[in-house]
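Trainee: Below is the structure I would like to discuss, written out as structure tokens.
There are 2 protein chains.
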Amino acid sequence: MSTTDSPTPYDPNAFERPSVTVDVVAFTARERKLHVLLIKRGVWPFEGHWALPGGFVQMSEGLDAAAHRELTEETGVAGAEFLEQLYTFGNVNRDPRTRVISVAYYALLPEPSISPRAGTDAAEAQWWPADALPPLAFDHAEIVKTALSRLRAKLGYTSVAYALLAPEFTLTELQTVYEIILGRELDKRNFRKKMLSTELLEGLEKQRRGGAHRPAQLFSFTKREPVFLD
Amino acid sequence: MSTTDSPTPYDPNAFERPSVTVDVVAFTARERKLHVLLIKRGVWPFEGHWALPGGFVQMSEGLDAAAHRELTEETGVAGAEFLEQLYTFGNVNRDPRTRVISVAYYALLPEPSISPRAGTDAAEAQWWPADALPPLAFDHAEIVKTALSRLRAKLGYTSVAYALLAPEFTLTELQTVYEIILGRELDKRNFRKKMLSTELLEGLEKQRRGGAHRPAQLFSFTKREPVFLD
């Protein structure tokens, strides 16, 4: 008998069982603060409450695809370059509808050039400062906390900051992203020395001119994926 | 209207939706090799194939509890001190029964004093050397690979080795655990210096005597939880 021949048809609905959602914590750095993308729920439960974009996983889609789809449908944000699975939340009573297990993701986005646009189950979509979020539906405050902790840790041992920056940036802009996420100021000289020693940055034959400052050299990451730092 | 009053009863079975399992990669270090605990499946699908212990999440249990329960039911291994969520695997066709999303865990166990004992859906249960596993059912080879990668990384930046050792151990035994998992020999002097500098180890007023070797001091970890190394 092959491994795929069932002796009797398998009926998953014969058992009471959990449902599965994805939820996405999308971060960006803007106005010198880390921000999280939230939607105002347009449907029961927690109607009118702010929440993470997310929804039920469809039968024909993988989990990553479901996370991308829900983020795009509910906020208009499409093609997130960095979107990674965070943790799966499965407390028994986390959702009043039924037993719902949520596979949480986090996404990193460069400073947004366009405003989010609410869709499907979302009545509004808006960036909120991570240190001043409104009360969140379900266990979404815990999910945000977990994502923030992961982001801070990952910033320390990988090059993941690339995902929060435009393809070309100054060292000052890179340092600002680090300071925003870590929540503290960094020494400019040490930061530059450490960053340039990693060989993850490529100096470009370009400068950014602007304001009263001297023109600053532009850099790019040699790889747009999280690389481990030594 | 309160957040828990449903305008219409919510019927999860009105939608076709995935089922949820947990699978557990249990590691131990024995006979100078890393080992993984496998069960031989006693039921369709993949009947007679080796697989990770695991099974469907029940409505009334959290995910961690489900992982502990399945590990115990199928292998007799109870009370794993370290059991942590690894990653959630959700490829659309990973299970011939229906769409099944599996929340994978990994557990670390001290060298086992008793043999595993198969139960429920498992016909056999046995420790296998991690570098010589049999062909595995479903996507379990990928789950083991992910767990091994996580374990190696975590060994480098935390004190998680405690979970693979008895409460009291010699520095040689600690070094052996590191060498087994990293798959390479470590310099004894550097290893001891680094470990003793972390302040995670407590020297005990006890020695282990045995064989032709000099008596060796016993140590314990000051905390039996993964602490970040500097």
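Heads up: the sequence lines are chains A and B, in that order.
The opening residue of the first sequence carries number 1 in the working numbering; numbering runs sequentially from there.
The opening residue of the second sequence carries number 1 in the working numbering; numbering runs sequentially from there.
Where a beta carbon is used, it is the ideal one built from N, C-alpha and C, also for glycine.
1) Does the beta carbon of valine 57 of chain B sit closer than 9 Å to a beta carbon anywhere in chain A?
2) Does isoleucine 143 of chain A come within less than 9 Å of chain B when only Cβ atoms are used?
3) How about the segment 149 to 165 of chain B and the segment 107 to 127 of chain B: do they share at least three Cβ pairs that are nearer than 8 Å?
4) Do valine 25 of chain B and alanine 147 of chain B have their beta-carbon atoms positioned less than 9 Å apart in this structure?
5) Return the CA-CA distance between leucine 38 of chain A and glutamate 74 of chain A, expressed in angstroms with no decimal places.
6) When you compare each of A:Lys206, A:Tyr87 and A:Lys223 to arginine 150 of chain A by their alpha carbons, which one comes out closest?
7) Figure out for me which residue from A:Glu225, A:Tyr105 and A:Gly76 has the closest Cα to the Cα of alanine 118 of chain A.
8) Going by the DSSP bridge assignment, what does glutamate 84 of chain A pair with across the sheet?
9) Is the segment 54 to 70 of chain B close to the segment 13 to 31 of chain B, with three or more CB pairs under 8 Å?
10) Might you give, ordered along the chain, the residues of its own chain that have their beta carbon closer than 6 Å to the beta carbon of arginine 99 of chain B, omitting 5 neighbours on each side?
11) Rounded to the nearest angstrom, how far is the Cβ of asparagine 13 of chain A from that of asparagine 93 of chain B, given a contact under 8 Å?
12) For valine 43 of chain A, is the classification buried or exposed, using 16 other Cβ atoms within 10 angstroms of its Cβ as the cut-off for buried?
13) Would you call the segment 167 to 174 of chain B and the segment 215 to 230 of chain B in contact, with 3 or more CB pairs under 8 Å?
14) To the nearest angstrom, report how far apart tyrosine 10 of chain A and leucine 182 of chain A are at their CA atoms.
15) Please name the residue in A:Ala125, A:Arg69 and A:Leu186 whose C-alpha comes closest to that of alanine 78 of chain A.
16) Going by alpha carbons, who is nearest to alanine 104 of chain A out of A:Lys193, A:Leu52 and A:Glu124?
17) Any C-beta of chain E sitting closer than 9 Å to the C-beta of glutamate 61 of chain B?
18) Can you tell me whether histidine 140 of chain B is buried or exposed, with buried defined as 16 or more other CB within 10 angstroms of its CB?
19) Could you name the residues of the segment 66 to 93 of chain B whose beta carbon sits closer than 9 Å to any beta carbon of chain A, in the order they occur along the chain?
20) Just grab the DSSP bridge partners of lysine 33 of chain B for me.
21) Which residue comes first and which comes last in the alpha helix (DSSP H) that contains arginine 189 of chain A?
Mentor: Once the coordinates are examined:
1) Counted from its first residue, the second sequence places residue 57 of chain B at position 57. Valine 57 of chain B counts as touching chain A.
2) Locating residue 143 of chain A in the first sequence gives position 143, where the first residue counts as 1. So, not an interface residue.
3) yes
4) The residue given as residue 147 of chain B occupies position 147 in the second sequence. The residue given as residue 25 of chain B occupies position 25 in the second sequence. Contact: yes.
5) Within the first sequence, residue 38 of chain A is the residue found at index 38, counting from 1. Within the first sequence, residue 74 of chain A is the residue found at index 74, counting from 1. Their backbone Cα atoms lie some 9 Å apart in a straight line.
6) As a first step, residue 150 of chain A is located in the first sequence; it is residue number 150 there, counting from the start. Out of A:Lys206, A:Tyr87 and A:Lys223, A:Tyr87 has the C-alpha closest to the C-alpha of arginine 150 of chain A.
7) Numbered from its first residue, the first sequence carries residue 118 of chain A at position 118. Among A:Glu225, A:Tyr105 and A:Gly76, the Cα nearest to that of alanine 118 of chain A belongs to A:Gly76.
8) The sequence position of residue 84 of chain A within the first sequence is 84, counting from 1. Answer by DSSP bridge pairing, in chain order: A:Tyr106.
9) yes
10) Walking along the second sequence from the start, residue 99 of chain B turns up at place 99. Same-chain partners within the cutoff: Pro18.
11) Looking up residue 13 of chain A in the first sequence gives position 13. Looking up residue 93 of chain B in the second sequence gives position 93. Asparagine 13 of chain A to asparagine 93 of chain B, Cβ: 20 Å. No contact.
12) In the first sequence, the residue the question calls residue 43 of chain A occupies position 43. Answer is exposed; the Cβ neighbour count stays below 16.
13) yes
14) By 1-based counting over the first sequence, the position of residue 10 of chain A is 10. By 1-based counting over the first sequence, the position of residue 182 of chain A is 182. Roughly 50 Å separates the two Cα atoms.
15) Here the question's residue 78 of chain A lines up with position 78 in the first sequence. Checking every option, the nearest Cα to that of alanine 78 of chain A belongs to A:Arg69.
16) The residue given as residue 104 of chain A occupies position 104 in the first sequence. The shortest C-alpha separation from alanine 104 of chain A is found at A:Leu52.
17) Note that chain E does not occur in the displayed structure, where the protein chains are A and B.
18) Translated into the one-based positions of the second sequence, residue 140 of chain B becomes position 140. Buried is the call here.
19) Ala66, Gln85, Tyr87, Thr88, Phe89, Gly90, Asn91 and Val92
20) Walking along the second sequence from the start, residue 33 of chain B turns up at place 33. In the DSSP output, where bridge partners are listed per residue, lysine 33 of chain B has B:Arg30.
21) Residue mapping note: residue 189 of chain A aligns to position 189 of the first sequence, counting from 1. 188 to 197 is the extent of the alpha helix (DSSP H) around arginine 189 of chain A.
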